[in-house]
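Numbers given in the numbering used here equal positions in the sequence shown, counted from 1, plus 739. What follows is one structure encoded as structure tokens, with my remarks underneath.
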Amino acid sequence: MGRAGRCVGLAAAVLLLTGCGVDVPSTDGEFTTPPGHDATSASPGAAGTGTPTTGDATADAGAGPEYGPQFPLTLRRTGGVAGFDDRIVLRADGKLLVDTRSVHGRVCTLGGAQLHQIVGALSTLRLGPWSIGTTPTDGAGDGATDPASIPASDPIIISVTDDRSRAVDLTDPSVGEVAGLVATLVADVTLSAPATTRCTDAAAS
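Following this line, the structure appears as structure tokens:
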């Protein structure tokens, strides 16, 4: 009777040990998945490892570039041997306010065809990925680390930003014609006597 009681006690102890999570090696060599790991997961603790979920991927895929800058637009020309520092504000009605190192308070008006061509083209362009706080890349920054690539003079840069200080992307090769129109307009309205745009200078003070 006493021996039977001891056997029952030993069997109960073994059951308690296995039930409390103590690993007991099996005789067939099977691996037991540790607690807290999902045997069906590709890696332990998949949540929070940086792998995007299906919802995040869908949200990122749906985020596309913005189009249609808000007028008035600010056209800036800087750099060059002459040290350009021109600022032209272009309104949606074709009025331009021009200020340069030598011209102040000039008001220009685009003609009908020119208005539709330039304003219409600019109003459909994509907004650039950079912010107004950083100048659009022109390659000058690379020259700081590579002396062989430093240009002989500062490049002429023409940038366009909208009324919300968002850059308008003129770097896309597909909008090369629009970029050319903007450059031609800036060059004309900043001349001492514009050739193709009707302009009126402020009275000399």
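All C-beta atoms, glycine included, are put in the ideal place defined by N, C-alpha and C.
Short of 6 Å from the beta carbon of LEU849, and not among the five residues preceding or following it, lie these beta carbons of its own chain, in chain order: GLY833. Counting along the chain, LEU920 sits inside the alpha helix (DSSP H) bounded by residues 915-928.
Linking GLN809 to SER904 through their CA atoms gives a straight-line distance of about 9 Å. By the criterion of a C-beta distance shorter than 6 Å, ASP825 is surrounded in its chain by ARG816, THR839, THR929, once the five residues flanking it on both sides are discounted. Judged by their CB atoms, VAL820 and ILE857 are not nearer to each other than the 9 Å cut-off. For LEU864, no alpha helix (DSSP H) segment is defined, and its DSSP state is neither H nor E.
Where GLY818 is concerned, the enclosing beta strand (DSSP E) starts and stops at 812-818.
Shortest Cα-Cα distance from GLU805 to any of ALA941, VAL925, CYS938, ASP901 involves ASP901. Contact check for GLY919 against THR863 fails: the beta carbons are separated by 9 Å or more. Secondary structure note for SER898: its beta strand (DSSP E) is the uninterrupted segment 896-900.
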